[in-house]
Structure formats: C-alpha cells, structure tokens
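Counting from 20, one number per residue, gives the positions in the sequence shown under our numbering.
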Amino acid sequence: MSEAQNNATMTDADLAAHLADVAGRILVEVRSSGLFSAKALGKAGDQTANQFLCHALREVRPEDGLLSEEEKDNPARLDKSRVWIVDPVDGTREYGEERSDWAVHVGMAIDGVPAIGAVALPGLDLDGSGGGTVLRSDQPRPVPPAPEKLRMVVSRTRPAAEAVAVAQALDAELVPMGSAGAKAMAVILGQADIYLHSGGQYEWDSMAPAAVALAHGLHASRIDGSSLVYNRSDVYLPDLLICRKEHADAVLGHIAALAKDAA
C-alpha cells in the first residue's frame, strides 16, 4: 500500500492527531529559522501551517467540509455532515514571542457536534521526546484531581470581567495563559481547573479543544450552559466554559447571577 493510500485509510482521529503534530513541527522549524521578526513570524507561521493542513485535508478527505481561520470560507461546508475545523496557530502572539503556550487545533464536527479533536502543544514536551505533546479525543488520559484552591486560566493580556468575577466568587487563583487551546488543555493536564471565556471567539478557537475536553470527561458548553454547536453560517462563537463536571453547576450559577445583576 502506498503512503497516500495509507493516509486515506487512516482513522479520522489518527489523521487529526497526525496533522496537528506535523503542523506543530513545521511551525517549530519556521520559528527556529531565525529569519523573521516576532510580527512577521506569526504571519509566516499561520500561512505555512494553513497551507499544509488545508492541502492535506483536501487530499485525503476530499468529500468533507473544511473551515480554517486562515482560509477563505467556502459555504459548501454548510451542506456537509462532516466538517474539519482547524486553527493553524492558536495563540499567534505567543508563537511569535517564542513562548510555549500556543497550539495547533485540528478537529471534526459531525452534524454540528464536536466529535473528533487533536490539540498539539509543540512547546510542551511532557514525555521528554523533544517533539511536543498532542492531546486527542480518542486517547483520553486520566485527569489529575483538583486541589483545594481552584485555579482558573484566563487571558494573559485581557482577562474577561466575568471570569475575574467568578474566580473571586469561587476564591479561585487566576492563572494567565496564552492560547485557547493551551488553556483548555491545562484543565486536562491538571495545570488548572476552570477555563471560562467570554471575550469573543470563533469556531476554530474552541472546536478541537472542546472535542478533546469532552472525551476526557470534562464539561464543555457555552457560558449559559447551552451546547456548543459548530459548522454554522456565522462562525462567531463568543464564549466557552471548560471545567471539571463537579464544578460546572457552581460556575454556571455564578455566571447567571452576574447576568441577572447586570440586567
């Protein structure tokens, strides 16, 4: 069997993880070239990883829909049941600044549901291999127990007011971090317990992380508790809650109270 045939018969979950991993390695190589300023590096990384991911998906899954942050949207995806949703570099600023809290998102929504996901963290080498880490929806790992004092990951540059207020209500520690994918995976890895975002996002920011989080037994929803729905004509999906299930009711209750007070 040729390599192309092998790739075409790869499971969707294996493909998502493979693409996220390879894109992450490409991005590390682009960054290590030393040819770009921080601003130019972000653009070069976005475009390079996007070209790889989109060409690869069109080659091995030509019948599926595709939505990418860095690609002109094709409305034909709306008629597809299976749609790949990718973010070539989630956390472009962090990538350009040579930080570790950035990610690559590759996932698939099936009938709008976040079904398959892989999030590569190229700057986080958990096993000492030097190749970064990929968390995937088909290979859940044990989620470490929560500490007595909860930790909430927030934007390192513009933490949402709702997140800060809920953290105060829960007496939770704020943990500043870069990309959405890095924040969501921090809950799985036991580096944090709650990821609450209300400052505006798009489908590619949360789809793969939500699929991975759900597969690990975590709660993932909008901040009003409603389900996350993908592959819509309007790809703006402004808010997100990912946390341990045992904390979801308390967090959602505090958010609802804040909304009521603001009304």
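By construction, the Cβ of each residue, glycine as well, lies at the ideal position given by its N, Cα and C atoms.
Item	Value
Could you tell me how far apart the beta carbons of residue 109 and residue 123 are, in whole angstroms, since I believe they sit closer than 8 Å?	7 Å
Between the alpha carbons of residue 38 and residue 199, how many angstroms are there, rounded?	19 Å
Are three or more beta carbon pairs between the stretch 271-281 and the stretch 245-257 nearer than 8 Å?	no
Express the C-alpha separation of residue 82 and residue 249 in angstroms, rounding to a whole number.	18 Å
According to DSSP, simplified to helix, strand and coil, what is residue 223?	helix
Could you pull out every unbroken beta strand (DSSP E) segment of at least 3 residues lying fully inside the stretch 77-122, listed in chain order?	84-87 and 101-109
Residue 262 to residue 145, Cα distance in whole Å?	21 Å
Just confirm the distance between the C-beta atoms of residue 173 and residue 179, as a whole number of angstroms; I'd bet it's less than 8 Å.	7 Å
Would the stretch 213-225 count as touching the stretch 114-122 if we require 3 or more Cβ pairs under 8 Å?	no
What does residue 214 pair with, by DSSP beta-bridge criteria?	172 and 261
Which same chain residues end up closer than 7 Å to residue 105 when comparing Cβ atoms and leaving out the 5 residues on each side of it in sequence?	72, 87, 124, 125 and 223
According to DSSP, what are the bridge partners of residue 155?	137
Is the distance from the Cβ of residue 169 to the Cβ of residue 266 below 8 Å?	yes
Report the rounded CA-to-CA distance for residue 61 versus residue 114, giving the unit in angstroms.	6 Å
Just checking, does the stretch 63-71 make contact with the stretch 177-196 on the three C-beta pairs under 8 Å criterion?	no
For residue 116, I'd like the list of residues in its chain whose CB is within less than 7 Å of its CB, leaving aside the five on either flank, ordered along the chain.	57
I need the straight-line Cα distance from residue 99 to residue 190, nearest angstrom please.	44 Å
Please name the residue or residues paired with residue 240 in a DSSP beta bridge.	260
Where does residue 167 land, buried or exposed, given buried means 16+ other C-beta within 10 angstroms?	exposed
Who are the near neighbours of residue 152 in its chain, counting only those whose CB is closer than 6 Å to its CB and skipping five residues on each side?	140, 143 and 145
Give every residue of the same chain whose Cβ lies closer than 7 Å to the Cβ of residue 101, excluding the five residues on either side of it in the sequence, and list them in chain order.	83, 84, 127 and 129
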